[in-house]
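In our numbering, the protein residues as written are 131 to 488.
Taking it in order: structure first as structure tokens, then the write-up.
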């Protein structure tokens, strides 16, 4: 056996104990970093504790890097820069905002004090600002049901249409996909003009029919319908793309065999087509439900929350940014995150149950 092979199979040194003071002892680094961070958050000013927590995080990261280098975990070292960027851009702000939700802190003031679960109690008992969290949450649920239903139906019908070959199909497909490529601001401004009671296209047509001025956004029903239509116009092409990917993957010989057996169109769809697109439909439902739950931009552009169209996301923006109630806004955001996690896990449960049944 060569010396190179012998060196390749040499066992590495055992990991250090928790209390061993070594550069590669990541266990001790985690314990010390957490203890230092908790101590700094509870006793030091916010401007000082921020840097202390940053130093603790850097210490933990350095211990992981040294441990990976000494144990020749080169794969971990290669992905370390990506993990560092992910931590700085996503994980650290997430953890920092979670910590802020347990304090009384406003971005326009320097004082901060620990209040425990008081912010969450305010959120769940509807004590934060009119129109209230529960009212905004009910409106959000209404928008989720209406917008997702409209997008799923329109997207599915468009996919069924474009799954067939017909003249000018490519050009019409590009035209249908255009709304999804536009920014939300551009689409919102477009529909603002579209719904305008003075010179909007919709108002012009309705005025010609009814002979009177038509203001769509004058009532809650009209405002909700306008927002739902605008959102469905933008994101139905996304559902169409997912369903279309499933439709084009269906083997042609299955349809040929069904035609020979004179299977009805409904039976052909239910037995052949639907199994290929069911998973993609569920995926589109999950994605669009999560996005609809965060609906705020179109509401801001079209109604600014008027006519009882305030959503929980827009309510969060007003609490955190306009009223500078940073901690209370963080508590609302984590309640929203919990709801999204519940929806995601419900989707995964239903998907796994269907896979087991099939």
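For glycine and all other residues, C-beta sits at the position ideal for the given N, C-alpha and C.
According to DSSP, simplified to helix, strand and coil, what is residue i?
i: residue 234; result: strand
i: residue 222; result: helix
i: residue 468; result: helix
i: residue 510; result: Absent from the structure is residue 510, since the part of the chain shown begins at 131 and ends at 488.
i: residue 201; result: coil
i: residue 242; result: strand
i: residue 459; result: helix
i: residue 368; result: helix
i: residue 292; result: helix
i: residue 379; result: coil
i: residue 286; result: helix
i: residue 393; result: coil
i: residue 260; result: Residue placement at residue 260 is flagged as unreliable, the pLDDT there being 45, under the threshold of 50; the coordinate-derived value follows with that caveat. In the structure shown, residue 260 sits in coil (DSSP, three-state: anything other than H, G, I, E or B).
i: residue 206; result: helix
i: residue 344; result: coil
i: residue 361; result: helix
i: residue 333; result: helix
Compare the C-alpha of residue i against each of the options and name the closest.
i: residue 210; options: 223, 193, 163, 391; result: 193
i: residue 294; options: 328, 351, 375, 201; result: 375
i: residue 289; options: 298, 297, 303; result: 303
i: residue 386; options: 299, 398, 314, 265; result: 398
i: residue 400; options: 415, 416, 377, 413; result: 377
i: residue 423; options: 452, 471, 410; result: 471
i: residue 251; options: 296, 484, 464, 475; result: 464
i: residue 415; options: 368, 155, 327, 466; result: 368
i: residue 287; options: 366, 389, 185; result: 366
i: residue 241; options: 449, 215, 175, 207; result: 175
i: residue 449; options: 338, 360, 237; result: 237
i: residue 443; options: 223, 203, 267, 360; result: 267
i: residue 433; options: 477, 354, 395; result: 354
Under the assumption that residue i contacts residue j (Cβ atoms under 8 Å), give the Cβ distance between them as a whole number of angstroms.
i: residue 347; j: residue 356; result: 6 Å
i: residue 439; j: residue 263; result: Contact flag wrong, Cβ pair sits at about 15 Å.
i: residue 350; j: residue 437; result: 5 Å
i: residue 373; j: residue 411; result: 6 Å
i: residue 402; j: residue 428; result: Contact doesn't hold; Cβ gap of about 38 Å is too wide.
i: residue 198; j: residue 163; result: With 8 Å as the limit, residue 198 and residue 163 do not qualify as a contact, their Cβ atoms being about 17 Å apart.
Take every Cβ of the region 401-410, pair it with every Cβ of the region 221-238, and state whether three or more of those distances are shorter than 8 Å.
-> Flag = no, the region 401-410 and the region 221-238 do not touch.
Does the region 232-252 come close enough to the region 454-463 that 3 or more CB-CB pairs lie under 8 Å?
-> yes
Any 3 or more C-beta pairs closer than 8 Å across the region 273-291 and the region 414-423 | yes
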